[in-house]
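Chains as they are written, first to last, in the working numbering: chain A, 1 to 215; chain B, 1001 to 1422.
As structure tokens, the structure follows; a few thoughts come after it.
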């Protein structure tokens, strides 16, 4: 990659796999459980977090030397709250129905541990460009898991992807449903997301045994 | 027996040594040890040799389940034909219940459930044994028999297969296999089915064979459970003896409280299951039932309330309807997922009975709660044990602190020394 040095590229690539915020650091689980019943909501949530975390990291990084360390949490909260309000307003303006489904969870991006975690751990100690890459990378890692979970939950739970029926019509019994297949109601409820995330963690750690923690 | 002749058993031993260290060895050994005891066991010397191993324990539970399974064949047929032709006027067990017709219909309906449960479950066990390179564990023997008995008779086989895969992998193998699981695998399977396919697990259509197919046609039949009638404040025609002996609709094998009682006694006297858990669970259910009866009698709840039917149901009848008896005898006493300490078992069992009846009454979607109560207490069992042990430690510490130690040989001097510990 000519655009990025190897070190910078790792800032984006690491969180996608071996340092994934959800499966390795186990952060941001709350929203991963709550909104992944539909793929569309997962994608929008992922994009929102990419926007908030990428930009937020840059802002925090730019003002990192002038924030008094005693009130840095408050300052971080103001930055992330501002960005989340922008996201919320944009969603309400252009995707009203979806913003109703996501409802409180867009607002709760503020309390997503990944965001505060990256501000504290990275943006406060690094320059804006590297912070930007780190923010994008972590948000992507979060988004990838969200989309994987959303894909399985929507496919198995509702038989649709992005709201489009892909397995046939469950009421008229066409497609796969004519064989007696039925949607799995378990996949709709949040505990299913916990189990899907658990399976991803399991698969990832058995492929790369170095990730298994000592206890 | 001459040494020259190769018996089947010897051939298997030879094959086993040939396959030792190969990838498929555990799968082969599972079949081998299922038929014969392995040849590594000691034949001489001062060893304690008992037959009471894990496999024997499991077999005892299965023996206790056989009457329940046989009864379920007859009851499946009886409920089906009664729903179609009407219940017999002068019911006699020999004439209307123990008939070949009933048996055959039940056999044809229930045996596929058993085969799918064992087939899929053992297949998963084999895969994990081969991957992990250990011997195939016996843990699925009992689970595989319990699963067909706690589902409605018309459960589609593919659903059961999916649920068994889920239950064995997520409920057991991820924790490390037999003996390491937190939740009872059979109940995990039941809970998965309940949450995944609720239309097949609740309502008035699933408890009698054929009711789902006939729904909406002129031949429609229905088979509401006793609890289902109560949840709708309805009335039912089943007598107390019907409920006790199990001539009522319900999951395949859960209906007969009488056979569960016999099975429970058998398990207690063979010292496989804990009587403490059973007794305290019954006590818990009775106490909760009494509380609800008291609330209903005191008039604190209107007769039109949707909880009235279940609340005013005589407290002791809770024990003979639904899956409470089956759950208490065969599920709550699972030694792996239950409490281990004696005092813990009292608390654990009591809360299972107590919460079961509570969920029964307050669960709006499905008037049954035994499996949920047992799963919940499975989660709390280690915590209960922890505090029981802590309590024991604290009490003994206190006793030791306050103990007066009279040194040997000074008995006459009455010299008392305060123990200086802790």
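No residue lacks a Cβ here, since even glycine has one placed at the ideal position from N, Cα and C.
How is residue i classed by DSSP in three states: helix, strand or coil?
i: residue 165 (chain A); result: strand
i: residue 122 (chain A); result: coil
i: residue 1421 (chain B); result: Bear in mind that the predicted position of residue 1421 (chain B) carries a pLDDT of just 46, short of 50, making it too unreliable to give a figure here.
i: residue 38 (chain A); result: coil
i: residue 1399 (chain B); result: helix
i: residue 1056 (chain B); result: helix
i: residue 1006 (chain B); result: coil
i: residue 1332 (chain B); result: coil
i: residue 1367 (chain B); result: coil
i: residue 134 (chain A); result: helix
i: residue 1348 (chain B); result: helix
i: residue 6 (chain A); result: helix
i: residue 46 (chain A); result: helix
i: residue 1148 (chain B); result: helix
i: residue 14 (chain A); result: helix
i: residue 170 (chain A); result: coil
i: residue 1224 (chain B); result: coil
i: residue 1208 (chain B); result: coil
i: residue 202 (chain A); result: helix
i: residue 1382 (chain B); result: helix
i: residue 1076 (chain B); result: helix
i: residue 33 (chain A); result: helix
i: residue 1067 (chain B); result: helix
Starting from residue i, follow its DSSP beta bridges and name the residues at the other end.
i: residue 160 (chain A); result: A:165
What do you reckon, are the CB atoms on residue i and residue j nearer than 7 Å?
i: residue 1370 (chain B); j: residue 1327 (chain B); result: yes
i: residue 1054 (chain B); j: residue 1138 (chain B); result: yes
i: residue 1060 (chain B); j: residue 1359 (chain B); result: no
i: residue 1164 (chain B); j: residue 1189 (chain B); result: yes
i: residue 1071 (chain B); j: residue 1106 (chain B); result: no
i: residue 49 (chain A); j: residue 181 (chain A); result: no
i: residue 77 (chain A); j: residue 52 (chain A); result: no
i: residue 75 (chain A); j: residue 85 (chain A); result: no
i: residue 1186 (chain B); j: residue 1162 (chain B); result: no
i: residue 1168 (chain B); j: residue 1127 (chain B); result: no
i: residue 201 (chain A); j: residue 23 (chain A); result: yes
i: residue 1208 (chain B); j: residue 1223 (chain B); result: yes
i: residue 1336 (chain B); j: residue 1311 (chain B); result: no
i: residue 1119 (chain B); j: residue 1102 (chain B); result: no
i: residue 137 (chain A); j: residue 15 (chain A); result: yes
i: residue 1333 (chain B); j: residue 1280 (chain B); result: no
i: residue 1264 (chain B); j: residue 1329 (chain B); result: yes
i: residue 1083 (chain B); j: residue 1221 (chain B); result: yes
i: residue 28 (chain A); j: residue 112 (chain A); result: yes
i: residue 114 (chain A); j: residue 190 (chain A); result: no
For residue i, I'd like the list of residues in its chain whose CB is within less than 7 Å of its CB, leaving aside the five on either flank, ordered along the chain.
i: residue 1348 (chain B); result: 1277, 1338, 1339, 1377, 1381 and 1384
i: residue 1324 (chain B); result: 1285, 1318, 1356 and 1370
i: residue 1023 (chain B); result: 1130
i: residue 196 (chain A); result: 149, 152 and 153
Who are the near neighbours of residue i in its chain, counting only those whose CB is closer than 6 Å to its CB and skipping five residues on each side?
i: residue 133 (chain A); result: 8, 11 and 12
i: residue 88 (chain A); result: 106
i: residue 1014 (chain B); result: none
i: residue 150 (chain A); result: 36, 39 and 42
i: residue 1158 (chain B); result: none
i: residue 64 (chain A); result: 124
i: residue 211 (chain A); result: 205
Apart from the five residues on each side of it in sequence, which residues of its chain come closer than 8 Å, Cβ to Cβ, to residue i?
i: residue 1098 (chain B); result: 1074
i: residue 1063 (chain B); result: 1266
i: residue 185 (chain A); result: 157
i: residue 1307 (chain B); result: 1301, 1361 and 1362
i: residue 178 (chain A); result: 168
i: residue 1246 (chain B); result: 1071, 1075, 1255, 1256, 1257, 1258 and 1259
Three-pair Cβ contact test at 8 Å for the stretch 58-74 of chain A versus the stretch 35-47 of chain A:
Contact fails: fewer than three Cβ-Cβ distances are below 8 Å.
Flag this pair as touching only if the stretch 1312-1328 of chain B and the stretch 1283-1298 of chain B have three or more C-beta atom pairs under 8 Å; answer yes or no.
Contact between the stretch 1312-1328 of chain B and the stretch 1283-1298 of chain B is present, because at least three Cβ pairs lie under 8 Å.
For the structure I just gave you, are there three or more beta carbon pairs, one from the stretch 115-135 of chain A and one from the stretch 144-161 of chain A, closer than 8 Å?
Counting C-beta pairs closer than 8 Å gives fewer than three between the stretch 115-135 of chain A and the stretch 144-161 of chain A, which falls short of the contact rule.
Okay, do the stretch 1147-1157 of chain B and the stretch 1244-1256 of chain B touch, 3+ Cβ pairs below 8 Å being the bar?
Yes, since at least three Cβ pairs between the stretch 1147-1157 of chain B and the stretch 1244-1256 of chain B fall closer than 8 Å, the two stretches touch.
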